[in-house]
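First comes the structure, then the notes that go with it.
Residue numbers (the working numbering), protein chains in the order written: chain A, 1 to 425; chain B, 426 to 507.
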């Protein structure tokens with residue numbers, strides 16, 4: 001691989017469930033399902049043993065119990081997973097500064113320039129596996145894929161689960177792709193898959209056999225290029241180092257409730273909580289935004305601006321673009337309350353608040369009026385207290401008496417910039 | 426079968442600090458329990474307070490301990506079957 005890049009894709013196996021099995025040996029070698037919290041009805045992760053029985057992530061608990069009546073349901077502990085992720089990243093980045101955190105349990109490492117210091121890519125993969133067991137826990141395992149680009153490295157790591165190591169070099173790349181299901185490749189979604197199947201293109205070999213003109217005609221300029229490349233195992237995208245993550249363009253907080261919320265005050269409290277979450281995150285990043293997006297899912301809705309979210313259901317989305325930048329929870333909440341006037345649904349099951357078009361607060365002028373300045377100082381003081389003593393040490397009285405929704409890491413690590421740079425201060 | 430028992434009680438711990446925390450024994454409900462090894466450790470931050478969670482194995486059971494680095498106190502969070 002001298003003239004090629006050498007990229008490793010490291011994927012922690014059944015991450016949430018394995019972390020729980022590491023922390024509690026009584027769960028090892030058992031069918032374990034992770035749920036968001038007690039009484040939740042959806043599995044957000046499953047153990048290797050559960051996967052063998054056909055229990056998948058996203059499955060309803062009732063459905064999983066039909067397949068395995070003895071399934072052990074464990075509420076998720078995101079702080080634990082977050083801590084393991086930071087330690088996992090710390091291990092990965094010792095082998096190359098070009099380490100891209102892809103999600104909570106996945107990393108790409110470009111070791112083209114550094115593999116010679118560690119005796120080659122395979123030795124690095126074995127060392128990562130060893131260190132994972134020694135430094136995090138003996139039950140933790142990972143699958144490592146090695147190849148010349150990110151597409152093939154990710155495909156390689158998925159070839160042998162769990163605790164696998166697979167190398168795809170140029171000579172076998174096309175054979176491997178020919179035997180791979182279209183949906184097993186990263187970057188191919190259901191929409192594109194259905195379109196391909198409608199055209200009778202059920203394998204990468206069949207896509208490769210089609211001319212670029214045909215692909216362009218059927219799939220448009222962007223997707224034709226994408227399909228042309230992935231069917232040949234071509235991926236020139238660079239590995240973005242963990243310290244090169246671009247500034248966030250928006251911050252958001254979404255929440256799915258465990259029961260339908262019918263009462264207006266309950267709904268407003270949830271919105272206020274999410275506004276506080278999104279705005280606190282923006283302030284911590286030193287950002288302020290002027291686009292406010294607000295979404296609800298529930299039903300049955302009779303609203304003016306219905307826009308279907310993925311997954312369907314009665315959904316509502318509204319937004320406002322302001323002339324001035326904001327970063328405090330109260331203002332954000334007031335704007336959301338203004339947007340919600342257009343919603344006439346009966347109950348709420350999901351809510352999301354977005355603060356977009358972000359800019360650095362350092363670039364913004366100091367408030368002109370004393371009242372605004374006082375408010376800004378008050379917000380800064382509250383932030384300092386909360387950073388010193390923990391989130392929601394001081395919180396709006398509107399949230400009194402409710403179980404406050406607190407910051408938590410997402411599986412996709414969508415807020416990488418925040419998680420890796422600001423939370424690690 | 427229960428896979429954990431929540432306790433959440435302050436306890437006395439004899440521990441060894443050397444590039445990590447290694448609890449040696451705990452005194453809980455007038456019993457001295459010798460700990461054999463640390464199975465898992467993780468830490469979390471509550472504001473500036475750092476809490477370290479350690480799952481330690483003993484002969485009959487596993488214990489999840491929490492160390493508060495602010496006031497050097499220990500809590501027994503959970504008892505887990507061996």
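Think of the CB as a built atom: it goes at the ideal place given N, C-alpha and C, for glycine as much as any other residue.
Residue interval of the beta strand (DSSP E) (run including residue i)
{"i": "residue 257(A)", "result": "250–261"}
{"i": "residue 442(B)", "result": "437–442"}
{"i": "residue 233(A)", "result": "Run containing residue 233(A): none; DSSP gives neither H nor E here."}
{"i": "residue 481(B)", "result": "474–483"}
{"i": "residue 468(B)", "result": "456–471"}
{"i": "residue 101(A)", "result": "99–103"}
{"i": "residue 314(A)", "result": "314–326"}
{"i": "residue 450(B)", "result": "446–453"}
Distance CB(residue i)-CB(residue j) smaller than 8 Å
{"i": "residue 293(A)", "j": "residue 356(A)", "result": "yes"}
{"i": "residue 461(B)", "j": "residue 482(B)", "result": "yes"}
{"i": "residue 91(A)", "j": "residue 135(A)", "result": "yes"}
{"i": "residue 286(A)", "j": "residue 361(A)", "result": "yes"}
{"i": "residue 138(A)", "j": "residue 12(A)", "result": "no"}
{"i": "residue 38(A)", "j": "residue 21(A)", "result": "no"}
{"i": "residue 467(B)", "j": "residue 83(A)", "result": "yes"}
{"i": "residue 415(A)", "j": "residue 248(A)", "result": "yes"}
{"i": "residue 121(A)", "j": "residue 160(A)", "result": "no"}
{"i": "residue 353(A)", "j": "residue 378(A)", "result": "no"}
{"i": "residue 9(A)", "j": "residue 156(A)", "result": "yes"}
{"i": "residue 408(A)", "j": "residue 329(A)", "result": "no"}
{"i": "residue 480(B)", "j": "residue 487(B)", "result": "yes"}
{"i": "residue 67(A)", "j": "residue 48(A)", "result": "no"}
{"i": "residue 171(A)", "j": "residue 80(A)", "result": "no"}
{"i": "residue 64(A)", "j": "residue 43(A)", "result": "yes"}
{"i": "residue 253(A)", "j": "residue 231(A)", "result": "no"}
{"i": "residue 149(A)", "j": "residue 235(A)", "result": "yes"}
{"i": "residue 130(A)", "j": "residue 143(A)", "result": "no"}
{"i": "residue 30(A)", "j": "residue 72(A)", "result": "yes"}
{"i": "residue 7(A)", "j": "residue 168(A)", "result": "no"}
{"i": "residue 16(A)", "j": "residue 45(A)", "result": "yes"}
{"i": "residue 256(A)", "j": "residue 406(A)", "result": "no"}
{"i": "residue 242(A)", "j": "residue 99(A)", "result": "yes"}
Residue burial classification, residue i (beta-carbon count within 10 angstroms, cutoff 16)
{"i": "residue 336(A)", "result": "buried"}
{"i": "residue 311(A)", "result": "Model confidence at residue 311(A) stands at a pLDDT of 39, short of 50, so the residue's coordinates are unreliable and nothing is read from them."}
{"i": "residue 154(A)", "result": "buried"}
{"i": "residue 320(A)", "result": "exposed"}
{"i": "residue 237(A)", "result": "exposed"}
{"i": "residue 434(B)", "result": "exposed"}
{"i": "residue 402(A)", "result": "exposed"}
{"i": "residue 324(A)", "result": "exposed"}
{"i": "residue 25(A)", "result": "buried"}
{"i": "residue 484(B)", "result": "exposed"}
{"i": "residue 475(B)", "result": "exposed"}
{"i": "residue 279(A)", "result": "buried"}
{"i": "residue 502(B)", "result": "buried"}
{"i": "residue 244(A)", "result": "exposed"}
{"i": "residue 455(B)", "result": "exposed"}
{"i": "residue 140(A)", "result": "buried"}
{"i": "residue 307(A)", "result": "Model confidence at residue 307(A) stands at a pLDDT of 46, short of 50, so the residue's coordinates are unreliable; what they give is reported in the following sentence. That one is exposed."}
{"i": "residue 85(A)", "result": "buried"}
{"i": "residue 283(A)", "result": "buried"}
Residue-level contact to chain E via CB, residue i, 8 Å cutoff
{"i": "residue 448(B)", "result": "Looking for chain E here will not work: the only protein chains present are A and B."}
Where the alpha helix (DSSP H) containing residue i begins and where it ends
{"i": "residue 122(A)", "result": "121–131"}
{"i": "residue 199(A)", "result": "That residue, residue 199(A), is in no alpha helix (DSSP H); it is neither H nor E in DSSP."}
{"i": "residue 11(A)", "result": "No alpha helix (DSSP H) holds residue 11(A); the beta strand (DSSP E) holding it covers 7–12."}
{"i": "residue 353(A)", "result": "Run containing residue 353(A): none in the alpha helix (DSSP H); it sits in the beta strand (DSSP E), 347–356."}
{"i": "residue 86(A)", "result": "78–92"}
{"i": "residue 337(A)", "result": "329–340"}
{"i": "residue 503(B)", "result": "Counting along the chain, residue 503(B) falls outside any alpha helix (DSSP H), though it belongs to the beta strand (DSSP E) covering 498–506."}
Counting beta carbon pairs with one atom in the stretch 381–397 of chain A and one in the stretch 254–265 of chain A, are three or more of them shorter than 8 Å? no
Positions along the stretch 454–473 of chain B whose CB lies within less than 7 Å of some CB in chain A: Flagged, chain order: 464, 465, 467, 468, 469, 471, 472, 473.
Do the stretch 427–438 of chain B and the stretch 492–506 of chain B make contact, defined as three or more Cβ pairs closer than 8 Å? yes
Report yes or no: do three or more beta-carbon pairs, one from the stretch 313–321 of chain A and one from the stretch 395–409 of chain A, lie closer than 8 Å? no
Taking 8 Å as the cut-off, does the stretch 95–104 of chain A touch the stretch 57–64 of chain A (at least 3 CB pairs, one atom from each stretch)? no
Can you list, in chain order, the residues of the stretch 483–500 of chain B whose Cβ is nearer than 7 Å to any Cβ on chain A? 487
Which residues, in order along the stretch 20–47 of chain A, keep a beta-carbon less than 7 Å from a beta-carbon of chain B? 22, 23, 24, 25, 26, 27
Can we say the stretch 369–380 of chain A touches the stretch 440–450 of chain B, given the rule of at least three CB pairs closer than 8 Å? With fewer than three CB-CB distances shorter than 8 Å, the stretch 369–380 of chain A does not count as touching the stretch 440–450 of chain B.
Beta carbons nearer than 9 Å to chain B: which residues of the stretch 373–400 of chain A have them? 385, 386, 387, 388, 389, 390, 391, 393
Check each residue of the stretch 49–73 of chain A: if its Cβ is closer than 7 Å to any Cβ of chain B, include it; give the result in chain order. When CB distances to chain B are screened at a threshold of 7 Å, the residues of the stretch 49–73 of chain A falling below it are 72, in chain order.
Stretch pair the stretch 227–234 of chain A + the stretch 186–206 of chain A: three plus CB contacts closer than 8 Å: yes
Tell me which residues of the stretch 82–93 of chain A have at least one Cβ-Cβ distance to chain B shorter than 9 Å, keeping chain order. Interface annotation for the stretch 82–93 of chain A against chain B: 82, 83, 84, 87, criterion Cβ-Cβ distance under 9 Å.
Any C-beta of chain B within less than 7 Å: which residues of the stretch 130–158 of chain A qualify? 137
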